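Asker:
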Amino acid sequence: MAIPYVPAMILAAAIGAGVLLGPKLLHRETAANGPISLTGELCGADDNRFPAVGGAAVGSAILGEGDHDHGGAQSFGTAWQIPLTTTYDPDTAKVSFTLSPVTGDRIVAGEEVRATVKITDSASGLPVSGRSVAGWMMLQRNAQVSAELPCSAKAKLFTQGRVTARPDVDLNTSRMLVLNRDGSIAIVNPQVDFTITQMEGVIPLPGVPADWAKSDDGQTVYVSLPVFGAVAVIDARAFQITGLIELPKGSMPTRLLPLPRGELAVYLSAPGTVTIARPDGTGQTTPVAVGAGPVAMVRDGIGGLYVASSEGQIVRIDTTTGRRIAKGTIDAGEPSLAWSPLNRTLYAAIRGATHIAALEPAKLSLRGQIATAPGVFALALEPAQQHLIALNRDEDMMTLIDTRSGTAVAQGRVAAQPVEVTFSHDYAYVRGLASDHFTVVDLAELSQGRIAPVDIQSAAGPVRPHEALSRATMVAPYGHGALVGNADEAVAYYYMEGMNSPMGTVKTYGKTVQGLMTVDRGFREILPGLYETTARLPFGGTYDIPIAVDADDHVSCFSATAGAAAPTQAEADRVALRVEPVEDADLIARHAGRVVIRLVDETTGAPSDGLKDVRLLAFSTGGTWQARAWAKDLGDGRYAGAWTFPKPGRYGLSLQVASVGMGFADREPLYLRVGAAPVDAVSQKEITP
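Take 1028 as the starting number for the sequence shown in this note's numbering and just add one per residue.
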């Protein structure tokens, strides 16, 4: 099997005063000063992008004796060590950019490319980790105009969402997936400032789903289909089902847990067993008996999978061989599990128990107990990995436990019947099953052993508890914030970090929502200081590429050239038009306004004059208003349409040119911002669209 480009890594580095840095921590500054070092192991010895350490080895000093257990002596590649810093100083930071083809040896329009940003501190030479990187690509249609606009100004225009400042390629896009119990997944595109949404499509599933999960690299989504007896494998970039993992007939697969090396742990609820499936087609391991569900599953990142059943059984499974290597017992009841890499301890909670069990992983023997009130429903490790979070569904409480001392250090009241905790860059979001509020907790406070909960309203009125959503994921991190789902209203609210009110509403396009998931297509830190994403270039030519680090006032500008794609026969037989907005009109609600666009021949670059059938469609993003108008030819490829928009907000604009084969749905819409009308002024020239 080919080694994936983004390699699986086992991170085993102490940060500062012994804090382990895992993938979720690459964005957080965990030490005040001084370089941090990561050590780990490459899963592909032929991957030469990683700096090797002469004579270094990953062994018991880092991973613990006998814990890197893969069922026998195997070689997984070269050991590495990377010192890094999390401090970004614009005056000393060096930002470099490369664009390369994903396949082939040329950058060609229509093909996928890989954009890579590398950030290093020029003073120390260390890679700069944990930064937020954004980028855009704009085709140079006029070299003189391109040179006149400063690089930082381009980035600011792109972040404002104005109609005249849409990049040809946005390197920061994300999608929201909505899992519906009717057997479908809706693909939703939250647009700029979240005042509109666009359902881009639906992925039909061959059966009713039970659970879903995303692979570590974000490229694959798995959906369990109990009645169908299979797990659907979905390409998270093309949003298509690429295969089915067929499981034994009548096995009823439910819970899923992706594993670091691409495998998938699947709980088969009918026989009460767990199997490890390999989506590459190499089969499944022999099922291991664990008992009746519901079950909890967690992995330790170093080859161990832990599964607890409601019957009180708990097992440790070697993820390479699929064999059970330890078995233990806990209290019977609905379980929750969490793994702490700092003290190498497995924590198990049962909802009806009066304690949380701390288990030694090798033999699953009891190390100790942490006293709690009955009702603990969910466990999670906060991103700094020093504290364990316990959500008590019966008491509406959140307890913070110091994993080093094994004692509770703080408690706070949270949303009613808390069942889920999700983390963004700087906050924890707690969802309650019976509350019209959710709770936000500052991660900086949690890392210091304190809880400062803030309740935020997430529904227009009282909500009905949906027991089916008790184990669902209804809070999805999105950039520097989160999408919080509301099943009753069939929407998700977008909350930016630090804000007490939603910045926008996103329709979920489903009456039986079972979960939310975000698929991030923006830059992702794959190694300290190395950020990557992929995109598809629409045109050949030279692109201006502003790259912003942390904010649009820290911008570096680059350029890259793509060759023209070979035209298909259908493309050769018709004129291809490019749509260019040319004016940001001052559009006022309930006043007549004009919007001007420009049509250009993509092959020659010449303006397309004299078209008699240019039809424009303006529509409200909420779907409550639309109006069509034949465009007026203004010359030089410019065409205008006039409307009176009914209210302030954001509107879409699509066009149709039947004579050249262009339909309303063939191009991404342009978006217009319509302002509020003055209270004391009424236009005498209003028209009704």
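Note that beta-carbon positions come from the ideal geometry of N, C-alpha and C, so glycine has one too. Since the model is a prediction, treat every value here as computed from it, not as a measurement.
Is it buried or exposed, S1635, if we count other Cβ atoms within 10 angstroms and call 16 or more buried?
Answerer: Buried is the label assigned to S1635, since at least 16 other Cβ atoms lie within 10 Å of its Cβ.
Asker: Can you give me the start and stop residues for the alpha helix (DSSP H) that A1297 sits inside?
Answerer: Going by DSSP, A1297 is part of no alpha helix (DSSP H) at all; its letter is neither H nor E.
Asker: Is the beta carbon of N1026 less than 8 Å from the beta carbon of A1161?
Answerer: One cannot answer for residue 1026 here, as it falls past the ends of the chain, which runs 1028 to 1716.
Asker: My understanding is that V1140 touches L1564, with C-beta atoms under 8 Å, so please give their C-beta distance in whole angstroms.
Answerer: Right, the Cβ-Cβ distance comes to about 6 Å (below 8 Å), so this counts as a contact.
Asker: In whole angstroms, what separates the C-alpha of L1286 from that of Q1246?
Answerer: Put simply, the backbone Cα of L1286 is about 14 Å away from that of Q1246.
Asker: Spatial neighbours of G1270 within its chain, please: CB distance less than 6 Å, with the 5 preceding and 5 following residues excluded, ordered by chain position.
Answerer: Excluding positions up to five away in sequence, the list reads V1260.
Asker: My output table needs one value for E1409: the three-state DSSP class, helix, strand or coil.
Answerer: coil
Asker: Please report the straight-line C-alpha distance between P1275 and L1283, rounded to a whole angstrom.
Answerer: Using only the alpha carbons, I get a separation of about 16 Å.
Asker: Return helix, strand or coil for E1695, following the three-state DSSP convention.
Answerer: If DSSP states are grouped into helix, strand and coil, E1695 belongs with coil.
Asker: Could you check the C-alpha separation between W1163 and T1130 for me, to the nearest Å?
Answerer: 21 Å
Asker: Which of the three DSSP states is assigned to L1184 in this structure?
Answerer: helix
Asker: One question on the structure: do E1338 and A1319 come within less than 8 Å of each other, judged by their Cβ atoms?
Answerer: yes
Asker: Looking at the strands, I want to know which residues DSSP matches up with S1681.
Answerer: L1644
Asker: Roughly how far, in whole angstroms, is the beta-carbon of R1694 from the beta-carbon of V1623, given that I think they are within contact range, below 8 Å?
Answerer: About 16 Å; that fails the 8 Å criterion.
Asker: Is DSSP giving V1258 helix, strand or coil here?
Answerer: Three-state DSSP puts V1258 in a strand.
Asker: Does DSSP put S1474 in a helix, in a strand, or in coil?
Answerer: The answer is helix: DSSP assigns S1474 an H, G or I state.
Asker: Excluding the 5 residues preceding and the 5 following S1127 in the sequence, name in chain order all residues of the same chain whose CB lies nearer than 6 Å to its CB.
Answerer: Same-chain partners within the cutoff: R1141.
Asker: Within a Cβ cutoff of 8 Å, which residues of the same chain sit near F1465, ignoring the five residues on either side of it in sequence?
Answerer: A1442, Y1456, V1457, R1458, G1459, D1482, I1483, S1485, V1502 and V1511
Asker: Thinking C-beta only, is T1114 closer than 8 Å to S1149?
Answerer: no
Asker: Restricting to Cα atoms, I'd like to know which of E1227, E1273, W1239 and G1234 is closest to A1265.
Answerer: Distances from the CA of A1265 to each of E1227, E1273, W1239 and G1234 were compared; the closest alpha carbon is that of E1227.
Asker: Judging by CA-CA distance, which residue of R1133, N1216, I1146 and S1156 is the nearest neighbour of M1544?
Answerer: Sorting R1133, N1216, I1146 and S1156 by C-alpha distance to the C-alpha of M1544 places N1216 at the top.
Asker: With V1155 as the anchor, note down where its beta strand (DSSP E) starts and where it stops.
Answerer: Taken as a continuous stretch (DSSP letters only), V1155 belongs to no beta strand (DSSP E), as it is neither H nor E.
Asker: For I1341 versus G1360, is the C-beta distance shorter than 8 Å?
Answerer: no
Asker: Exposed or buried, what is Q1541 when buried is set at 16 or more other beta-carbons lying within 10 Å of its beta-carbon?
Answerer: buried
Asker: Just to check my reading of the structure: Q1412 and S1367 have Cβ atoms closer than 8 Å, yes? What is that Cβ distance to the nearest angstrom?
Answerer: 7 Å
Asker: Measure the alpha-carbon distance for D1220 versus P1705 and round it to whole angstroms.
Answerer: Summary for D1220: the model assigns pLDDT 42, below 50, so the residue's position carries little reliability; its value from the coordinates is reported in the next sentence. Near 23 Å, if we compare the C-alpha coordinates of P1705 and D1220.
Asker: Note the first and the last residue of the continuous beta strand (DSSP E) segment covering P1480.
Answerer: Where P1480 is concerned, there is no enclosing beta strand (DSSP E), given that its DSSP letter is neither H nor E.
Asker: Is it the case that the Cβ atoms of A1304 and M1279 are separated by a distance below 8 Å?
Answerer: no
Asker: Give the C-beta separation of T1372 and T1399 to the nearest angstrom, bearing in mind that I take them to be a contact with Cβ-Cβ under 8 Å.
Answerer: The pair is not a contact, with the Cβ atoms about 16 Å apart (cut-off 8 Å).
Asker: What three-state label does DSSP hand S1201 in the structure shown?
Answerer: strand
Asker: Would you kindly work out how many angstroms separate the C-alpha atoms of Y1698 and G1679, rounded to a whole number?
Answerer: Each residue's CA atom was taken as its position, placing Y1698 and G1679 some 4 Å apart.
Asker: Do you know how far the Cα of A1619 is from the Cα of T1671?
Answerer: Distance between the alpha carbons of T1671 and A1619: 5 Å.
Asker: Expressed to the nearest angstrom, what Euclidean distance is found between the alpha-carbon atoms of I1230 and S1251?
Answerer: 14 Å
Asker: State the DSSP-derived secondary structure class of S1179, mapped to helix, strand or coil.
Answerer: helix
Asker: For S1432, name the three-state secondary structure that DSSP assigns.
Answerer: coil
Asker: Go ahead and pull the three-state DSSP assignment for S1686.
Answerer: Shown here, S1686 sits in a helix according to DSSP, grouped into three states.
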